[in-house]
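Below is one structure, written out as structure tokens, with a few remarks after it.
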């Protein structure tokens, strides 16, 4: 099984914990979920915040299509879901339209725990280069040696701001989510 194709998510309570820790999201913010699965996180962020747009990126086409279908079926009763856009694409080989949508993001979340090394490297590269990105939250550290004197480009741009304890679907125990902010 491809390591990038797994199940298990941050729970609703976990997403609420993450949103509570972050500054209040505004209409000018764009929330990106890399590895968005069926879209639970982006749907909750769209419903519970004033974010302007939620973008999901999912490598598994069938999950991305299911996410689009679920959102489309609920849009009439939940108008905030109209701000969701899901892309079925691979972080390692992005199409131009997907990259354009992602480049505008101000907040990125990724449950990258079981991403393969090349996907984590692509995520790290994107996060390092994204011009508007102010907050990055990942379930696994993007640099295991993250510290001030680390020479990696990611560490030159980002500081670990806070470790947020979040509820996840695969364990009864809370899990750490790593919130990075730009220097």
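In this note's numbering, the protein residues as written are 243 to 425.
Even for Gly, the Cβ is constructed at its ideal location relative to N, Cα and C.
Contact set for residue i: own chain, Cβ-Cβ below 8 Å, skip 5 residues either direction
i	result
residue 348	270, 271, 272, 273, 374, 375, 376 and 377
residue 339	329
Local conformation of residue i per DSSP, three classes
i	result
residue 415	strand
residue 301	coil
residue 246	The predicted model places residue 246 with a pLDDT of 45, which falls under 50 and marks its position as unreliable; any figure quoted below should be read in that light. DSSP places residue 246 in coil when its eight states are reduced to three.
residue 369	helix
residue 280	coil
residue 328	strand
residue 309	helix
Chain-order list of residues whose beta-carbon lies under 7 Å from that of residue i (same chain, five-residue window excluded)
i	result
residue 278	284, 298, 299, 300, 309 and 328
residue 303	330
residue 305	279 and 280
Paired residues, beta bridge with residue i - DSSP
i	result
residue 408	417
residue 351	275 and 379
Chain-order list of residues whose beta-carbon lies under 6 Å from that of residue i (same chain, five-residue window excluded)
i	result
residue 337	331
residue 326	284, 288, 296 and 313
residue 407	416
residue 275	283, 284, 298 and 351
Buried versus exposed, by CB contacts within 10 Å (16 or more), residue i
i	result
residue 393	exposed
residue 321	exposed
Chain C within 8 Å of residue i, Cβ atoms only
i	result
residue 316	Any reference to chain C falls outside this structure, which holds one protein chain only.
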